[in-house]
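Following our numbering from start to finish, the sequence shown increments by one per residue and tops out at 258. By construction, the Cβ of each residue, glycine as well, lies at the ideal position given by its N, Cα and C atoms. Every value quoted in this text rests on a predicted model; they were computed, and no experiment measured them. Data first, discussion second: the structure below is written as C-alpha cells.
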Amino acid sequence: MIYKGFAEIYDELMKDVPYGQWTDFLHERMKRFGNGGSRILDLGCGTGEISIRLKQKGYAVTGMDISEEMLSVAYQKTAELGLSIQYLQHDMREKSDLNQSFDGVFICCDSLNYLQSKEDVQSTLKASFDQLAEGGLLIFDVHSLYKIHEIFKGATFAGNDEDVSFIWNSFLGDELGSIEHDLSFFVKRDSLYERFDEFHIQRTYSIDCYKGMIAAAGLELLEISADFSEDQPEEESERIFFTARKNGLLG
8 MIYKGFAEIY DELMKDVPYG QWTDFLHERM KRFGNGGSRI LDLGCGTGEI
58 SIRLKQKGYA VTGMDISEEM LSVAYQKTAE LGLSIQYLQH DMREKSDLNQ
108 SFDGVFICCD SLNYLQSKED VQSTLKASFD QLAEGGLLIF DVHSLYKIHE
158 IFKGATFAGN DEDVSFIWNS FLGDELGSIE HDLSFFVKRD SLYERFDEFH
208 IQRTYSIDCY KGMIAAAGLE LLEISADFSE DQPEEESERI FFTARKNGLL
258 G
C-alpha cells in the first residue's frame with residue numbers, strides 16, 4: 008500500500024505543496040457552478056490538508072482515503088485544530104455505503120493518477136456520480152502527458168532538510184502515460200537515520216480520453232483548465248483540472 012512507510016513524515020516532505028491554491032480553486036468553482044450546497048466528499052484526502060482547509064471555509068467535509076496510516080495523521084491534525092471532519096477508509100473506485108449525497112466530490116493532488124487502468128478511472132467517475140446530489144460538482148486534477156514524458160521522465164529529485172532527506176527517481180513505465188517513482192527517505196531518529204523505501208506508479212491519459220470517461224459516467228463537462236488558472240491547457244501545461252456536474256437530464 009502506498010504511503011504506508013512514511014505517512015508520519017508526508018506533511019514535512021510536502022510542506023511546499025500549494026494546498027491553499029487547491030482550496031481556493033475548488034471554492035471558486037463551487038460558487039460559480041455549484042448547486043448552492045456545502046456537503047463535500049474529499050476522495051484521496053491523504054493527511055487531510057485540503058479537507059481541513061475546506062472545513063475552515065465552512066463546508067461540511069467527509070474525507071476518504073485507502074491508506075489507514077494517512078487517515079490516522081488526518082484524524083490527529085483535525086482533532087488538534089478542534090475541527091469535526093468525518094474520515095473513512097475506502098477505495099475510491101467503489102461507491103461508499105454512506106446514506107447521504109454530496110454537493111461536491113473532489114479528487115485532488117493527482118490522486119486519480121494512482122489508478123492503473125481506464126476501467127479503474129471510469130469506475131471512480133461513476134462512483135462519484137452516484138454519490139453526487141443533483142447539480143453537484145465533480146472536480147479533479149491530473150498530471151498532463153507532457154509532465155509525464157518531459158518532466159518526470161528520467162528525472163531525479165532530492166532534498167536534504169535537518170530531520171528528513173530524500174532521493175526520488177522517476178522512470179517511464181511500460182504503459183503509455185505511465186511513470187514509476189522510486190523513492191528513498193531518511194528520517195533522523197536521535198543520532199541515527201531510519202530509511203523508508205517506496206515504489207509508486209502513476210498513469211495519465213489524454214484530455215480527450217478524460218472527456219470521454221466523464222461523459223460515459225453521465226456527467227456534464229463544464230470546464231477544462233490548467234495549472235490553477237482559468238486558461239485552457241496548452242502543450243506545456245503540467246496539471247489539468249476538470250470540472251463536471253451531475254445533471255439529471257444527462258444521467
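* Exposure of Q337, with buried meaning 16 or more beta-carbon neighbours within 10 Å -> Nothing in the structure corresponds to residue 337, since the chain is present only between 8 and 258.
* **Own chain partners of G258 with C-beta closer than 6 angstroms, once the 5 adjacent residues on each side are dropped** => Here residue 258 refers to the residue found at position 251 when the sequence shown is read from its first residue. Any reading at G258 is ruled out, since the residue's pLDDT is 43, under 50, leaving its predicted position unreliable.
* Asked: What first and last residue would you give for the beta strand (DSSP E) that runs through D189?
  -> Here residue 189 corresponds to residue number 182 of the sequence shown, with the count starting at 1. From DSSP, the beta strand (DSSP E) with D189 extends over S185 to R196.
* So, helix, strand or coil for T69, using DSSP? -> As a position in the sequence shown, residue 69 is number 62, starting the count at 1. Note: T69 maps to strand in three-state DSSP.
* Delimiting residues of the alpha helix (DSSP H) encompassing I114 -> Taking the sequence shown and counting its residues from 1, one reaches residue 114 at position 107. From DSSP, I114 is part of no alpha helix (DSSP H) but of the beta strand (DSSP E) over F109 to I114.
* **Contact check, T30 vs K64, beta carbons under 8 angstroms** => For this step, residue 30 is matched to residue 23 along the sequence shown. For this step, residue 64 is matched to residue 57 along the sequence shown. Result yes, Cβ atoms of T30 and K64 sit closer than 8 angstroms.
* Are the C-beta atoms of A162 and some chain B residue less than 8 angstroms apart? -> Given the protein chain composition of this structure (a single chain), no chain B is represented.
* Asked: Name the DSSP bridge partner or partners of K253?
  -> Translated into the one-based positions of the sequence shown, residue 253 becomes position 246. Paired residues: L226.
* **Contact under 8 angstroms by Cβ, A165 with E76** => The residue given as residue 165 occupies position 158 in the sequence shown. The residue given as residue 76 occupies position 69 in the sequence shown. Not closer than 8 angstroms, so no.
* Collapsed DSSP secondary structure at I214 in the structure displayed -> Along the sequence shown, one-based indexing puts residue 214 at 207. Here I214 sits in helix by DSSP.
* To do: Would you list the residues sitting across from L48 in a DSSP beta bridge?
  => Start at 1 with the first residue of the sequence shown, and residue 48 comes out as number 41. According to DSSP, L48 shares a beta bridge with T69 and V112.
* Assign N167 to one of three DSSP states: helix, strand, or coil. => What you label residue 167 is simply residue 160 of the sequence shown in a count that begins at 1. In the structure shown, N167 sits in a strand (DSSP, three-state: E or B).
* Asked: Whose C-alpha, out of N167, K195, S58 and H207, is nearest the C-alpha of N176?
  -> Taking the first residue of the sequence shown as position 1, residue 176 is located at position 169. The shortest C-alpha separation from N176 is found at H207.
* Closest to D127 by CA distance: which of I221, F249 and R46 is it? -> Here the question's residue 127 lines up with position 120 in the sequence shown. The shortest C-alpha separation from D127 is found at I221.
* **Boundaries (first-last residue) of the alpha helix (DSSP H) holding E27** => The residue given as residue 27 occupies position 20 in the sequence shown. What sits at residue 27 in the sequence shown is Gly, not Glu. Start and end: Y26 to F40.
* Within the same chain, show all residues whose beta-carbon is closer than 6 angstroms to that of F248, passing over the 5 residues directly before and after it, in chain order. => Residue numbering aside, residue 248 sits at position 241 when the sequence shown is read from its first letter. Cβ within range, chain order: D148 and S232.
* Nearest residue (CA-CA) to E241, options F136, I214, I59 and S79 -> The residue given as residue 241 occupies position 234 in the sequence shown. Answer by Cα proximity: I214.
* Distance between Y200 and F235 (C-alpha atoms, nearest Å) -> Numbered from its first residue, the sequence shown carries residue 235 at position 228. Numbered from its first residue, the sequence shown carries residue 200 at position 193. Cα to Cα, the separation comes out at about 37 angstroms.
* To do: State whether the region 138 to 145 contacts the region 36 to 50, with contact taken as three or more CB pairs (one from each stretch) at a distance under 8 angstroms.
  => yes
* Own chain residues within Cβ distance below 6 angstroms of Y66, not counting five before or after -> Numbered from its first residue, the sequence shown carries residue 66 at position 59. Cβ within range, chain order: S45 and I47.
* Identify the continuous alpha helix (DSSP H) that holds L61 and give its terminal residues. => Locating residue 61 in the sequence shown gives position 54, where the first residue counts as 1. Element bounds for L61: E56 to Q63.
* May I ask which residues mark the beginning and end of the beta strand (DSSP E) holding D148? => For the purposes of this step, residue 148 is taken as the residue at position 141 of the sequence shown. DSSP places D148 inside the beta strand (DSSP E), whose first and last residues are L139 to H150.
* Could you tell me the boundaries of the alpha helix (DSSP H) in which Y82 lies? => For the purposes of this step, residue 82 is taken as the residue at position 75 of the sequence shown. Its alpha helix (DSSP H) spans residues E75 to E87.
* Which of helix, strand or coil DSSP assigns to L132 -> Within the sequence shown, numbered from 1, the residue matching residue 132 stands at position 125. Reduced to three states, the DSSP call for L132 is helix.
* When you compare only the Cα positions, how much space is there between N254 and M37? -> The residue you call residue 254 lines up with position 247 of the sequence shown. The residue you call residue 37 lines up with position 30 of the sequence shown. Their Cα atoms are separated by approximately 15 angstroms.
* Asked: Closest to E205 by CA distance: which of D49, G53, F173 and L152 is it?
  -> As a working note, residue 205 is residue 198 in the sequence shown. That would be F173, whose Cα lies nearest to the Cα of E205.
* Once you ignore the five residues that flank S58 on each side, which residues in its own chain have a CB closer than 6 angstroms to its CB? -> Here the question's residue 58 lines up with position 51 in the sequence shown. If we look at S58 and ignore the five residues flanking it on each side, its Cβ neighbours are D49, C52, V68, G70 and I92.
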